[in-house]
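Visitor: Going by this note's numbering, the letters in the sequence shown line up with residues 73 to 716, in that order.
I'd like to ask you about the structure that follows.
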Amino acid sequence: VPLDDPLAYKLLQNAETTGVFQLESAGMKRYLKDLKASSFEDIIAMVALYRPGPMQFIDSFIRRKHGEEPITYLHPGLENALKSTYGILIYQEQFMQISKEWCGFTGGQADTLRKAVGKKKVALMNKVKPEFIKGAQEVGGATEEQAETFWNQLLEFANYCFNKSHAACYGLVAYWTAYLKAHYPDAFMAALMTSDMRWTDRLAIEIAECKRMGIKVLGPDINQSYADFGIVGGEKTIRFGLAAIKSMGKALIEDIVIPERDKNGPFKSVCDFASRVDNTKFNKKSWESAIKTGAFDRFASRTDLLFNLEEIQAYGGKVQKDRASGQTDLFGLMGDAGAIPEPTLQESPTKVSEKEQLLWERDLMGLYLSAHPLDKYDLYFEENTHPFTMVTTENDGKQVVVGGIITGIRTILTKSNTKMAFVKIESKTAETEFIVFPSLYEQEGSKLAIDNIIKVTGRVNARDKDGNVTSDVKIIADSFSVVSDEKLENYQSTGIKMEDPKEAPKKEFKRKKATVPENIASRLSSSQTTKEGSSNNTEKDKTDSVKNSQEKQGTEEVVTRVITPPVDPRSQKLFVLIENPEDTEKLTRIRKLCDENPGFQEIILVLKDESGKKPLRMPFRIDASSDLIDPLKDLVGDTSVVLK
73 VPLDDPLAYK LLQNAETTGV FQLESAGMKR YLKDLKASSF EDIIAMVALY
123 RPGPMQFIDS FIRRKHGEEP ITYLHPGLEN ALKSTYGILI YQEQFMQISK
173 EWCGFTGGQA DTLRKAVGKK KVALMNKVKP EFIKGAQEVG GATEEQAETF
223 WNQLLEFANY CFNKSHAACY GLVAYWTAYL KAHYPDAFMA ALMTSDMRWT
273 DRLAIEIAEC KRMGIKVLGP DINQSYADFG IVGGEKTIRF GLAAIKSMGK
323 ALIEDIVIPE RDKNGPFKSV CDFASRVDNT KFNKKSWESA IKTGAFDRFA
373 SRTDLLFNLE EIQAYGGKVQ KDRASGQTDL FGLMGDAGAI PEPTLQESPT
423 KVSEKEQLLW ERDLMGLYLS AHPLDKYDLY FEENTHPFTM VTTENDGKQV
473 VVGGIITGIR TILTKSNTKM AFVKIESKTA ETEFIVFPSL YEQEGSKLAI
523 DNIIKVTGRV NARDKDGNVT SDVKIIADSF SVVSDEKLEN YQSTGIKMED
573 PKEAPKKEFK RKKATVPENI ASRLSSSQTT KEGSSNNTEK DKTDSVKNSQ
623 EKQGTEEVVT RVITPPVDPR SQKLFVLIEN PEDTEKLTRI RKLCDENPGF
673 QEIILVLKDE SGKKPLRMPF RIDASSDLID PLKDLVGDTS VVLK
């Protein structure tokens, strides 16, 4: 693969990097657009810079590349090592080169410095410092002040130093994936979706990317689909993989369905399929999943197929039984008169709504495919909300406006006996959660309902109760409203998108003292009552109240008052304790069971050894039903399998 391919760099310069290794985050895309990478060195630098610490130098790096900021060096002797990165220290190899050229260090001394800086060994760095300062003056011609200044920069660099060879390896894979996406877009996206088959949040993003690229993603089709996502030759179209459907394992498709289709040609009808595919393998659950996701749409409607399913299966079973007993050959001698007639499909007396069909798709494939409940809201949300990709640690403290469909609500009581809620909403490509504190819940809580389309204004919160930045990013809601059909019909497009998030306005949050029922008040300590009765709370108090509410949920009086809808099975995780991680035979059997039960839930193996227990998240998802859990318990023990 040539490292100077124009199409690959055009893709990078336009930041069309969804699916490109290391380069697909929202922040990285923003920097790539500004950078306009023109060489492999640029890619390596971005991989090394886009991390906490060196990220502060990205804007300067970009400006210097484009001549918008002067390139300066603390001392001329540093230019040789820093020229390729526009005077900015990025890699470990650079300060090793500087120590040799500017300070006269030997290779061994430079490596000692690398170890000291790379592993943040303060004692070793203090030992090396006098030699470094002295060498910079005697060999490099620097003043003591210049040498001290660079040494202090080196100490700061120790907090984020990155090995260039390491960054180059990441950068090379990033470039390769960009090259493949630029030259083979449909094949690349099909392979990408296959690799993410069980990560439905990723699939939604990738399907949206296909739409942007002009690639159609069609639902599963029994005559065109394979187990994995595949391209339809000459049509710039990708077919959904059959193995991505719940209850349609890869082994079933690759060992049973595809070989029959390849050997005897496409299936002519559902009855033809029923008569040719082993009915002991392709069971009722498989039939229902295939029908509900549209795999047989070419033959009849989903409603009619489900209505006639028993008769279809009975026909297929009869044909296969006769074939196995040799009666088919006898009938063949008699001509068509001896053949078992295909049943005529009857029209179902009831019809299933489009919404119900979409829910089937979501349940069995993990996402909406033929349509989406938010389709008609595209323009409104595009102009009036921020994309969910803005809800990141980078925007902590900034005000955002997001919109989507409510998919989950968890309502609890605080210690002061007031209600608050944690609400999950989804866009067409992602999901996030916003928190509704008691005062807002009291005013607007009635608007919170599953499937409501909602617009939320609030502050991005990426910090825990101690003020530390975490990866668990939520929105603290200031207000929200339901986007009704009437509002949508009356909406006039402005053609203007929202500006990027800005710092949220500062405000004092006050909590009204709640009236506590006597039976609860008697059980609360005076210290708790005093604390919760505070009438003037800072933003930190609000964050603390989330923790306090969660703790309170565990007590008897609060548990009886928790108002929570049924748990979405897709949010549950299956934990399997492995007492002996060296038992490869048992691990192989576990993997086989997982392959036979694909789904949309995570499975985490908890490996036990002398040092304790280590969780290992599996790179695939499973259907945590009794079909999987029961044999797992037989394999590792009842108490070693937990779904939560």
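In this text, a Cβ means the ideal position worked out from N, Cα and C, and glycines have one as well.
(1) Taking the alpha carbon of K645 as the point to measure from, which residue in A182, S698, P670, K716 has its own alpha carbon closest?
(2) Buried or exposed, going by whether 16 or more other CB atoms sit within 10 Å of the CB of D183?
(3) Determine the burial state of A276: buried for a count of at least 16 other Cβ atoms within 10 Å of its Cβ, exposed for fewer.
(4) In the DSSP output, which residue or residues are listed as bridge partners for Q128?
(5) Can you tell me which of T483, E454, K500, D538 puts its alpha carbon nearest to the alpha carbon of S518?
(6) Is it buried or exposed, T457, if we count other Cβ atoms within 10 angstroms and call 16 or more buried?
(7) Give me whichever residues DSSP pairs with D681 in a beta bridge.
(8) Roughly how many whole angstroms lie between the Cα atoms of K335 and S267?
(9) When we look at the beta-carbon of I662 and count the other beta-carbons within 10 Å, is it buried (16 or more) or exposed?
(10) Alpha carbons only, please: which of H238, I384, K308, D468 is nearest the one belonging to G356?
(11) For the beta strand (DSSP E) containing E437, name the first residue and the last one.
(12) Looking at C-beta atoms only, is the number of pairs between the stretch 508-516 and the stretch 430-439 that lie closer than 8 Å three or more?
(13) Let me know the secondary structure DSSP gives N224 once reduced to three states.
(14) Quick check: the Cα distance between F368 and A87, rounded to an integer number of angstroms?
(15) Taking DSSP as the reference, what is the three-state secondary structure of P510?
(16) Applying the criterion that 16 or more other CB atoms from any shown protein chain within 10 Å of the CB defines a buried residue, is S297 buried or exposed?
(17) Leaving out five residues before and five after S553 in sequence, what residues of the same chain have Cβ atoms less than 6 Å from its Cβ?
(18) Terminal residues of the continuous beta strand (DSSP E) containing Q471?
(19) Tell me where the alpha helix (DSSP H) around E454 begins and ends.
(20) Using 8 Å as the threshold, is the C-beta distance between L107 and Y247 below it?
(21) Return the CA-CA distance between D77 and L84, expressed in angstroms with no decimal places.
(22) State the DSSP-derived secondary structure class of N620, mapped to helix, strand or coil.
(23) For G91 versus E281, is the C-beta spacing smaller than 8 Å?
(24) Would you please state the rounded distance, in angstroms, between the beta carbons of G125 and C175? I believe it to be under 8 Å.
(25) Would the stretch 678-690 and the stretch 314-334 be scored as touching if the rule is three or more Cβ pairs under 8 Å?
(26) Rounded to whole angstroms, what's the CA-CA distance from G671 to F647? Just pull it up for me.
(27) Are the CB atoms of K137 and Y158 within a distance shorter than 8 Å?
(28) So, are the CB atoms of S420 and T375 less than 8 Å apart?
(29) On the DSSP bridge assignment, give the partners of K670 in chain order.
(30) Per DSSP, what kind of secondary structure is K206 in: helix, strand or coil?
(31) Does Y145 pass the burial test, meaning 16 or more other C-beta atoms within 10 Å, or should it be called exposed?
(32) Assuming F129 and I170 make a contact with CB atoms under 8 Å, what is their CB distance in whole Å?
(33) From the DSSP secondary-structure annotation, give me the bridge partner or partners of I497.
(34) With a Cβ-Cβ cutoff of 8 Å, do A153 and E173 count as a contact?
(35) For Y452, which of T486, A323, F312, S499 has the nearest alpha-carbon?
(36) Using the rule of at least 16 other Cβ atoms within 10 Å of the residue's Cβ for burial, across every protein chain shown, is K491 buried or exposed?
Guide: Walking through what the data contain:
(1) Within the sequence shown, residue 645 is the residue found at index 573, counting from 1. Of A182, S698, P670, K716, the residue nearest in Cα terms is K716.
(2) Position 111 of the sequence shown holds residue 183. It counts as exposed.
(3) In the sequence shown, the residue the question calls residue 276 occupies position 204. Buried: at least 16 other Cβ atoms inside 10 Å.
(4) Within the sequence shown, the letter at position 56 stands for residue 128. DSSP lists no partner for Q128.
(5) Walking along the sequence shown from the start, residue 518 turns up at place 446. The shortest CA-to-CA distance from S518 to any of T483, E454, K500, D538 is the one to T483.
(6) In the sequence shown, residue 457 corresponds to position 385, counting from 1. Answer is buried; the Cβ neighbour count reaches 16.
(7) For the purposes of this step, residue 681 is identified with residue 609 of the sequence shown, where counting begins at 1. DSSP lists G684 as partners of D681.
(8) Along the sequence shown, one-based indexing puts residue 335 at 263. Along the sequence shown, one-based indexing puts residue 267 at 195. Answer to the nearest angstrom: the Cα atoms are 27 Å apart.
(9) To locate residue 662, count along the sequence shown from 1; it is residue 590. Per the 10 Å Cβ criterion, buried.
(10) The residue you call residue 356 lines up with position 284 of the sequence shown. It is Lys, not Gly, that sits at residue 356 in the sequence shown. Measuring from the Cα of K356, the nearest candidate turns out to be I384.
(11) Along the sequence shown, read from residue 1 onward, the residue named residue 437 stands at position 365. For clarity, residue 437 is Met in the given sequence; the question names Glu instead. Run containing M437: none in the beta strand (DSSP E); it sits in the alpha helix (DSSP H), 426-437.
(12) Contact between the stretch 508-516 and the stretch 430-439 is absent, because fewer than three Cβ pairs lie under 8 Å.
(13) Position 152 of the sequence shown holds residue 224. Of the three classes helix, strand and coil, the one that applies to N224 here is helix, per DSSP.
(14) Stepping through the sequence shown from its first residue, residue 368 is reached at position 296. Stepping through the sequence shown from its first residue, residue 87 is reached at position 15. Spanning the two alpha carbons is a distance of roughly 38 Å.
(15) Here residue 510 refers to the residue found at position 438 when the sequence shown is read from its first residue. In the displayed model, P510 falls within a helix according to three-state DSSP.
(16) Translated into positions along the sequence shown, residue 297 becomes position 225. Around the beta-carbon of S297, 16 or more other beta-carbon atoms lie within 10 Å, marking it buried.
(17) Along the sequence shown, one-based indexing puts residue 553 at 481. Around S553: K527.
(18) Here residue 471 refers to the residue found at position 399 of the sequence shown. Residues 470-485.
(19) The sequence position of residue 454 within the sequence shown is 382, counting from 1. For E454, the enclosing alpha helix (DSSP H) has its first and last residue at 450-456.
(20) The sequence position of residue 107 within the sequence shown is 35, counting from 1. The sequence position of residue 247 within the sequence shown is 175, counting from 1. Their beta carbons are not under 8 Å apart, which means L107 does not touch Y247 by this criterion.
(21) Residue mapping note: residue 77 aligns to position 5 of the sequence shown, counting from 1. Residue mapping note: residue 84 aligns to position 12 of the sequence shown, counting from 1. One alpha carbon belongs to D77, the other to L84, and they sit about 11 Å apart.
(22) Taking the sequence shown and counting its residues from 1, the one referred to as residue 620 is at position 548. At N620, the pLDDT of 42 sits below 50, so the modelled position is not reliable; the number obtained from the coordinates is stated separately. Helix at N620.
(23) Here residue 91 corresponds to residue number 19 of the sequence shown, with the count starting at 1. Here residue 281 corresponds to residue number 209 of the sequence shown, with the count starting at 1. The Cβ atoms of G91 and E281 lie closer than 8 Å to each other.
(24) What you label residue 125 is simply residue 53 of the sequence shown in a count that begins at 1. What you label residue 175 is simply residue 103 of the sequence shown in a count that begins at 1. Rounded to whole angstroms, the Cβ separation of G125 and C175 is 24 Å, and the two are not in contact under 8 Å.
(25) In short, these stretches do not touch, since the Cβ pair count stays below three.
(26) Your numbering for residue 671 matches position 599 in the sequence shown. Your numbering for residue 647 matches position 575 in the sequence shown. Answer to the nearest angstrom: the Cα atoms are 15 Å apart.
(27) To locate residue 158, count along the sequence shown from 1; it is residue 86. To locate residue 137, count along the sequence shown from 1; it is residue 65. Y158 is a Cβ neighbour of K137, given a cutoff of 8 Å.
(28) For this step, residue 420 is matched to residue 348 along the sequence shown. For this step, residue 375 is matched to residue 303 along the sequence shown. Yes, they are a contact pair.
(29) Position 598 of the sequence shown, counted from the start, is the residue given in the question as residue 670. The residue asked about is misnamed: residue 670 is Pro in this sequence, not Lys. Here P670 is bridged, per DSSP, to I694.
(30) Translated into the one-based positions of the sequence shown, residue 206 becomes position 134. Note: K206 maps to helix in three-state DSSP.
(31) The count along the sequence shown starts at 1 and reaches residue 145 at position 73. It counts as exposed.
(32) Taking the sequence shown and counting its residues from 1, the one referred to as residue 129 is at position 57. Taking the sequence shown and counting its residues from 1, the one referred to as residue 170 is at position 98. Contact check for F129 and I170: beta-carbon distance about 17 Å, past the 8 Å limit, so the pair fails to qualify.
(33) As a working mapping, residue 497 is identified with position 425 in the sequence shown. Looking at the DSSP assignment, I497 forms a beta bridge with I478, T504.
(34) Start at 1 with the first residue of the sequence shown, and residue 153 comes out as number 81. Start at 1 with the first residue of the sequence shown, and residue 173 comes out as number 101. Taking 8 Å as the Cβ cut-off, A153 and E173 qualify as a contacting pair.
(35) By one-based count along the sequence shown, residue 452 stands at place 380. With respect to the C-alpha of Y452, the residue from T486, A323, F312, S499 having the closest C-alpha is S499.
(36) Locating residue 491 in the sequence shown gives position 419, where the first residue counts as 1. Label assigned to K491: buried.
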